[in-house]
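Step one of this worksheet: look at the structure below.
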Amino acid sequence: MNAVVNKEYESLTEYIKSIPAIFESTGTEIYHKRNIVKILRHDDMDLVVKRYKRPNLIQRIAYTFFCKGKAKRAYLFAGRMLDLGISTPFPIAFIEIKKSGLLSDSYFISVRTFDRSLFPELVETPDYNVELASEVARLMVRLHEKGVIHGDPNLSNILYHTDAEGKTHFTLIDINRTRFGSEFTERECLANLMRLTHRRDLLKRLVSVYAEERKWDVPETVEKVFAMISRFEHRREIKTEFKRLLSPLKRK
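Using my numbering, you'd call the opening residue of the sequence shown number 412 and step up by one each time.
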């Protein structure tokens with residue numbers, strides 16, 4: 412087992428090393444799909460622990476020899492974001508466990524945030540908060556201009572809170588697929604915007620404000636993003652139908 416602990420939390424090293432052994436039997440589960448996220452309490456402190464789904468054989472080889480694993484990237488990228496002035500839960504540690512010489516299980520541990528998800532506020536609310544949506548668009552401008560493209564910027568992965576002065580603050584999570592660069596093309600930025608939501612009226616607002624902020628032609632930018640998302644959804648429908656047709660064959 413390889414456990415890397417942030418120097419600010421070295422006192423937790425022994426406890427962090429015990430997490431793989433106690434993860435199944437302790438803590439409060441807050442997310443369980445492909446990955447599992449739990450809150451573990453230790454010494455009056457809440458730790459958020461994310462255990463990534465065990466990679467397949469090809470991924471295990473890749474993460475062992477050719478690229479960094481998800482937990483390591485989440486840890487390193489959090490540090491880079493904080494250095495850039497972008498809010499994300501403070502990284503405490505990451506753990507990687509190998510079996511037969513290949514990466515098998517991995518964990519990312521961070522400080523807990525009490526910020527709320529944007530998804531219910533914007534996507535699930537019929538009369539969504541227009542100003543909040545506009546602030547999200549401005550956030551995306553700041554990220555792109557700083558050379559940051561969140562790999563999965565759906566509105567569940569952007570958290571927020573409003574301070575006493577009424578100012579909105581955002582926190583990014585699930586950042587292990589983030590891309591960092593000096594400058595991104597218009598197409599790369601628009602493709603990133605497309606991933607915010609499939610709700611068309613909300614997406615139009617987000618893209619319109621983004622284009623205004625960057626002094627781009629608004630109708631043209633909206634048209635480009637809508638064309639992108641239509642192609643994306645069409646490809647997804649084909650893929651889903653293909654899987655449906657194959658499923659009876661797999662059962663034989």
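Cβ atoms here follow ideal geometry from the backbone N, Cα and C, with glycine treated the same way.
It should be emphasised that the depicted structure is a prediction, and the values quoted were computed from it without experimental measurement.
Following the DSSP letters along the chain, one finds residue 502 inside the beta strand (DSSP E) bounded by residues 502-510. The C-beta of residue 478 has fewer than 16 other C-beta atoms within 10 Å across all chains shown, which makes the residue exposed. Every beta strand (DSSP E) stretch that sits fully inside the segment 421-478 and reaches 3 residues is listed by chain position as 439-443, 447-453, 456-462. Within the same chain, Cβ atoms closer than 6 Å to the Cβ of residue 412 are found at 508, the five residues on either side in sequence being excluded.
Residue 438 and residue 601 have their alpha carbons spaced roughly 39 Å apart. In the three-state reduction of the DSSP assignment, residue 516 falls in the strand class, which pools E and B. Distance from the CA atom of residue 470 to the CA atom of residue 511, rounded to whole angstroms, is 14 Å. Annotated three-state conformation of residue 604 is helix, per DSSP. Partner residues in the beta bridge of residue 414, as assigned by DSSP, are 506. Three or more beta-carbon pairs separated by less than 8 Å link the segment 602-615 to the segment 537-551, which places the two stretches in contact.
Secondary structure of residue 616 (DSSP, three-state): helix.
Counting C-beta pairs with one atom in each stretch, the segment 636-655 and the segment 573-587 have fewer than three that are closer than 8 Å, which means they do not touch.
Contact check between the segment 519-536 and the segment 449-460: three or more CB pairs, one atom from each, fall below 8 Å, which counts as touching. For residue 537, the closest C-alpha among the options 473, 562, 612 is that of 612. Boundaries cannot be given for residue 525, as no alpha helix (DSSP H) includes it and DSSP labels it neither H nor E.
Distance from the CA of residue 424 to the CA of residue 562, rounded to the nearest whole angstrom, comes to 30 Å. In the structure shown, residue 590 adopts extended strand secondary structure according to DSSP, grouped into three states. The beta carbons of residue 587 and residue 484 sit about 4 Å from each other, so the pair counts as a contact at 8 Å. Per DSSP, the unbroken beta strand (DSSP E) holding residue 571 starts and ends at 569-573.
If you look at residue 488, you'll find it in the alpha helix (DSSP H) that goes 481-494.
Counting along the chain, residue 583 sits inside the beta strand (DSSP E) bounded by residues 579-583. Counting C-beta atoms within 10 angstroms of its own C-beta, residue 492 has 16 or more neighbours from the protein chains shown and is therefore classed as buried. With a 10 Å radius around the Cβ and a threshold of 16 neighbouring Cβ atoms, residue 628 comes out exposed. The beta carbon of residue 428 sits closer than 6 Å to those of 414, all from its chain and outside the five residues before and after it, given in chain order.
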